[in-house]
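**Q** Before anything else, here's the structure in question.
Residue numbers (UniProt numbering): 1 to 905.
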């Protein structure tokens, strides 16, 4: 192999460090001459020429190759870090280095571009309490991120002291010999200035790339719009309601329509044997509901289905615990699930169950087709048998120590800690869950799906499906990792009574393994909804299938069911977009019904907090790229700041101005150039919202709603219609324009909110008397849907403040003692005071007081800017605002710079 590198090329840093790590594993020649890869037109470094003659010229790809040579095993978390490095860190870091080296800027002008990314790394390291990004040992992610950051952070001025976890991580890697040698080779003791020739050839970062990411809109954004963008926004605005297409006719049942976009949405079928907690709800049904509601707003022909997964060991176990029959358990918990999802306002077109004749018929048909085509094997397997209970133990009747990670409560089918699938006989120290005796290994006869025989078909299907699709990175990685390791025959039968019967002689006493037939439940639930179910499920040419789940369900939706469907050769519709979340934790631990820790679906209704507030907060913290955690303090802050002070404040003010100043009728609007720029900016943010939701980036799209609301608040604050209404005729006209434009922004927000907060959305639309067509369709342009003369209804506040004592009471109620234990453990095991500080927050009252002060000071700064006050006066008030934000960050237990003001241009 030959590695081409160059002095002053930042991408060579991680590559050389990774090569040093793999030293001795292969013969490697390092060259500093330019290399022109055969299919590129100009020299590029780094480049790795393999012995086969092929080339790798992506920094991450080269580093990955060296790590694989050294025996490193890939993992999901590393893959997520690499995606984040490419999409989030590199744009910010490139801007920071350009400002520093090429433009000669210093201090916050440089650090502001990258501070949010640095804080993210620090928080991740602190939260998982591990020395490296993906765990206890150094991984590919550590080397790639270290190499990217080293040119900037090797100067202590750009490594904030308060980011202690980042500081420790960076120093640990920088002192390793391979990293030191890489730095010497690339930077040649010149520091970051060695990159100047390279950076001078790069394009200057645009303002959007170089701007610090904050929660506050910047006036400069409006100035970056082109005249064409402004003109197009004004034209669309003026067309108003006439731009709306006719509403799609309602169907019952919903069936695919030729020539239309037909969207089929499923959320993972929840096990019927327990009550879903908040993590279960955000992981599948709520995320899918947002997309289903958005899909309907786009006038796509949409069917959203779900149901309870009722067969299998888990149901038998629960039935034994409660002294009921499996059918009684299913009937009981199906009602509980349905009631919970109804309260959360989940808009299923049908919510079914898997214990139906249709489930048996379709599952057995797929099995028979697989059997006929030679994709089913018979084999004798070793299985655990409990002599005390006198029966073979299905997977979930066994617990023991995970053979991979050592977790002591691993199930017989899968470890909840490391996520690996397990054969029950592999467990160490196995126990029967029923009687707690130690089972013995005996032979039994079972059926297997011949996945190796289907692997080529699966690879070909993935090759057609994945490019251009919206599979989440974790779904892609998990699926590919299964294929990389080679598929193995998978047992599809179990020694149970409660399940779909196996229609094969000699197997009458067995049922299908729940993960063979559970995914077929989507088909049978549709079949119980309409006898024309095959128009959805045997129609891949016309149906776009989105499937939502947590990441532990990916193998069954990305591997097992597609193999079953491909082997059945019956033209089944397969998943187009597999959307998987990470896990949602509760405060500093996990949800646990038995320990009373965490909020479960049936409990949320009793908190006094409306369903839409729960929806908003869960979607705000949706674990899209990595695990996230529910926090009572954060819930209070987000409700009182984002909903009450931002969104609710703006919509209420806009409506109240119409009622109070104009008798409840929308006034005439005469748009100034500033108003037209605001139209264009709102339009661009609306289009960004569409782009994000089309890619199923649900959490990020919610930020667009809040951004538009902030612009609306700022627009009102700057123009002060409550003052102008008392002035001259020109002032009164200006107050009318501002009020009319503001109330139309409120109307737009009501529609954008509909996927997220449907009840609040309907309330706003009722208050504004928004015309029905405008309530049901969301175009990509901002329209005037409330023209002059439109009469609105009675306006009232949308949100209530969450009080500190209320939240503290709920925290205690759902804490179950686990939180205190976690705090005690951290205090005892960590010798560093800084770590203890990261879990110590101020009381809710102090946090609320600081939050109110930040809001008040922010209004002062905005008013001074609007009045074009003296720059020194503005700077003094901005300094006060930044200080208050630092105090608030510290009170919340965050690093002081995590909450910062607008970066000065």
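C-beta: ideal position from N, C-alpha, C; glycine also.
Under 8 Å, do residue 733 and residue 769 count as touching if we go by C-beta distance?
**A** no
**Q** Under the criterion of a Cβ to heavy atom distance below 7 Å, does residue 629 qualify as lining the ligand MG?
**A** In the structure shown, the ligand MG is absent, as is every other ligand, since no ligand is present at all.
**Q** Below 7 Å CB to CB, which residues in the same chain sit around residue 760 once its five sequence neighbours on both sides are set aside?
**A** 612, 753, 798
**Q** Work out the CA separation of residue 780 and residue 691 for me, nearest whole Å.
**A** Answer to the nearest angstrom: the Cα atoms are 10 Å apart.
**Q** Could you tell me whether the Cβ atoms of residue 583 and residue 634 are closer together than 8 Å?
**A** Their beta carbons are not under 8 Å apart, which means residue 583 does not touch residue 634 by this criterion.
**Q** Report yes if the C-beta distance between residue 743 and residue 658 is below 8 Å; otherwise report no.
**A** yes
**Q** Return helix, strand or coil for residue 312, following the three-state DSSP convention.
**A** coil
**Q** For residue 22, report the span of its alpha helix (DSSP H) as first-last.
**A** Note, residue 22: premise wrong, no alpha helix (DSSP H); not H, not E.
**Q** What residue range does the alpha helix (DSSP H) around residue 455 cover?
**A** 451 to 465
**Q** In whole angstroms, what separates the C-alpha of residue 529 from that of residue 350?
**A** 7 Å
**Q** Please determine, among 884, 662, 395, 376, the residue with the shortest C-alpha to C-alpha distance to residue 317.
**A** Selection 884, 662, 395, 376 evaluated against residue 317 yields 395 as nearest (Cα-Cα).
**Q** Under 8 Å, with one C-beta from each stretch per pair, do the region 774 to 789 and the region 801 to 811 reach the 3-pair mark?
**A** Counting Cβ pairs under 8 Å, fewer than three are found: no touch.
**Q** Just verifying my parser: in three-state terms, what is the DSSP assignment at residue 227?
**A** Residue 227: helix per DSSP, three-state reduction.
**Q** Taking the alpha-carbon positions, what's the residue 839 to residue 438 distance?
**A** At residue 839 the pLDDT is 34, less than 50, meaning the model places this residue with poor confidence and gives no usable figure here.
**Q** Could you name the residues of the same chain whose beta carbon sits closer than 8 Å to that of residue 518, not counting the 5 residues immediately before and after it, in chain order?
**A** 269, 309, 311, 312, 354, 556
**Q** Hey, out of 234, 615, 332, whose CA is closest to residue 274's CA?
**A** 332
**Q** Would you list the residues sitting across from residue 585 in a DSSP beta bridge?
**A** Paired residues: 629.
**Q** If distances are taken between C-alpha atoms only, which option among 231, 6, 348, 813 comes closest to residue 288?
**A** 348
**Q** Per the contact definition of three or more C-beta pairs closer than 8 Å, is the region 495 to 504 in contact with the region 332 to 345?
**A** no
**Q** Strictly by DSSP, which residues pair up with residue 262?
**A** According to DSSP, which records beta bridges pairwise, residue 262 is partnered with 301, 543.
**Q** Need the endpoints of the alpha helix (DSSP H) that residue 703 sits in, please.
**A** 698 to 719
**Q** What separation, rounded to the nearest whole angstrom, lies between the Cα atoms of residue 101 and residue 180?
**A** 22 Å
**Q** Which residue comes first and which comes last in the alpha helix (DSSP H) that contains residue 63?
**A** 59 to 69
**Q** From which residue to which residue does the beta strand (DSSP E) around residue 190 run?
**A** It is not in any beta strand (DSSP E) - residue 190 carries neither H nor E in the DSSP assignment.
**Q** Taking the beta carbon of residue 376 as the centre, do at least 16 other beta carbons fall within 10 Å, making it buried, or is it exposed?
**A** buried
**Q** Identify which residue in 661, 18, 97 has its Cα closest to the Cα of residue 173.
**A** The shortest C-alpha separation from residue 173 is found at 18.
**Q** Nearest to residue 370 by alpha carbon, out of 242, 60, 516?
**A** 516
**Q** Is DSSP giving residue 776 helix, strand or coil here?
**A** helix
**Q** Write down the C-beta distance between residue 114 and residue 60 rounded to the nearest angstrom, noting that I regard them as a contact closer than 8 Å.
**A** Cβ-Cβ separation between residue 114 and residue 60: approximately 19 Å, too far for a contact (criterion under 8 Å).
**Q** Cβ atoms of residue 499 and residue 512: under 8 Å apart, would you say?
**A** yes
**Q** Out of 68, 77, 6, 82, point me to the one whose CA is closest to residue 47's CA.
**A** 6
**Q** Under 8 Å between C-beta atoms, does residue 84 make it to chain D?
**A** Of the protein chains in the structure, only one exists, and it is not chain D.
**Q** In angstroms with no decimal places, state the Cα-to-Cα distance between residue 327 and residue 320.
**A** 12 Å
**Q** For the structure I just gave you, are there three or more beta carbon pairs, one from the region 114 to 128 and one from the region 84 to 94, closer than 8 Å?
**A** Yes, since at least three Cβ pairs between the region 114 to 128 and the region 84 to 94 fall closer than 8 Å, the two stretches touch.
**Q** Should residue 249 be labelled buried (16 or more other beta-carbon atoms within 10 Å of its own) or exposed?
**A** exposed
**Q** Excluding the 5 residues preceding and the 5 following residue 204 in the sequence, name in chain order all residues of the same chain whose CB lies nearer than 6 Å to its CB.
**A** Contacts found: none.
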